[in-house]
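In our numbering, the protein residues as written are 4 to 296.
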């Protein structure tokens, strides 16, 4: 067995021991987990790991370690058993199909399937996490096959996954309540490249909730525990969940909340336009692109 596998397995053994011991389990209930800002390297090559800082230590998924240093990890649901295979190569886990039940912000998305096996992206604002092999039914009636999602949650310049949607820091019901637009799947061919743009309603909600919280923190839009309105009772800010017609608005990525909060601080009134799209080229996920105007 290679030295790096030995180190990884020793680390995994320590983490597993902590997880199964009774006193540690009880103590863990009072701990807070925050996304780690640290970077991870294997043989001087930076690797993307989803890590969380708990009580001063970094915790990562055992499968992610296995993938990084190439050892096998399997799970038997019937016996609730995890097995480490130090001398076998890592193999990607095959996930069960996502639930089709409308769910909360962190649960599987409400996907529907067509007769040919293609899927329709959810229209309810739940999160859709693309998988290699997914076949998306496009608005033009064609199907688009996703072949590579290795960049998903690892957009250019991003430090890691964006995390859960924002929680309310004020009474959002007092603000303008826009309806979510259709989750379109637009298919184009440009100069030989096969492009797909999927409106990401889940991330559109992230933009909306961030804007709400910024409005609740600004004296022009929130005062004495309630939303500030115009003299005629209408809100200072009207929110639209698509871009204005006839205008080409550049997007930004990865997600940066300050793109929303800074705009609100500079102009706390008027009409705001929010939109978000997942971009694919030749089957490969490229980025999640956020737009605000």
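We treat Cβ as the ideally placed atom computed from N, Cα and C, and that holds for glycine.
Run of the beta strand (DSSP E) containing residue i, from where it starts to where it stops
i           : result
residue 210 : Counting along the chain, residue 210 falls outside any beta strand (DSSP E), though it belongs to the alpha helix (DSSP H) covering 204-219.
residue 233 : Counting along the chain, residue 233 falls outside any beta strand (DSSP E), and DSSP gives it neither H nor E.
residue 60  : 60-63
residue 54  : 54-57
residue 85  : 84-88
Three-way DSSP call (helix, strand, coil) for residue i in this model
i           : result
residue 269 : helix
residue 68  : helix
residue 7   : Its pLDDT being 48, under 50, residue 7 is placed unreliably in this model, and the value from its coordinates should be taken loosely. Correct three-state label for residue 7: helix.
residue 318 : This structure gives no information on residue 318, because the portion of the chain shown stretches from 4 to 296.
residue 245 : coil
residue 264 : helix
residue 225 : strand
residue 115 : strand
residue 41  : coil
residue 32  : The predicted position of residue 32 is uncertain, since its pLDDT is 41 and thus under 50; no value can be drawn from it.
Exposed unless 16 or more other CB atoms sit within 10 angstroms - verdict on residue i
i           : result
residue 141 : buried
residue 44  : exposed
residue 202 : buried
residue 1   : For the chain, the structure presents residues 4 to 296; residue 1 sits outside this window and is missing.
residue 178 : buried
residue 255 : exposed
residue 174 : exposed
residue 311 : A query on residue 311 cannot be resolved here, the shown segment of the chain reaching from 4 to 296 and no further.
residue 139 : buried
residue 22  : Note on residue 22: pLDDT 37, under 50, position unreliable in the model; no value is reported.
residue 263 : buried
residue 118 : exposed
residue 100 : Here the model assigns residue 100 a pLDDT of 33, short of 50, so the residue's position is not dependable and the matter cannot be decided.
residue 46  : exposed
Beta bridge counterpart(s) of residue i as assigned by DSSP
i           : result
residue 146 : 140
residue 200 : 189, 282
residue 277 : 295
residue 240 : 273
residue 151 : 287
residue 255 : 293
Distance between beta carbons of residue j and residue i, contact taken as under 8 Å
i           : j           : result
residue 242 : residue 212 : The pair is not a contact, with the Cβ atoms about 11 Å apart (cut-off 8 Å).
residue 135 : residue 149 : 6 Å
residue 72  : residue 87  : Actually they do not touch by this definition, with Cβ atoms about 11 Å apart.
residue 240 : residue 246 : Not really, about 16 Å apart at Cβ, beyond 8 Å.
residue 277 : residue 214 : 7 Å
residue 126 : residue 186 : 5 Å
residue 284 : residue 156 : Between residue 156 and residue 284 the Cβ distance is about 18 Å, and since that is not below 8 Å, they are no contact.
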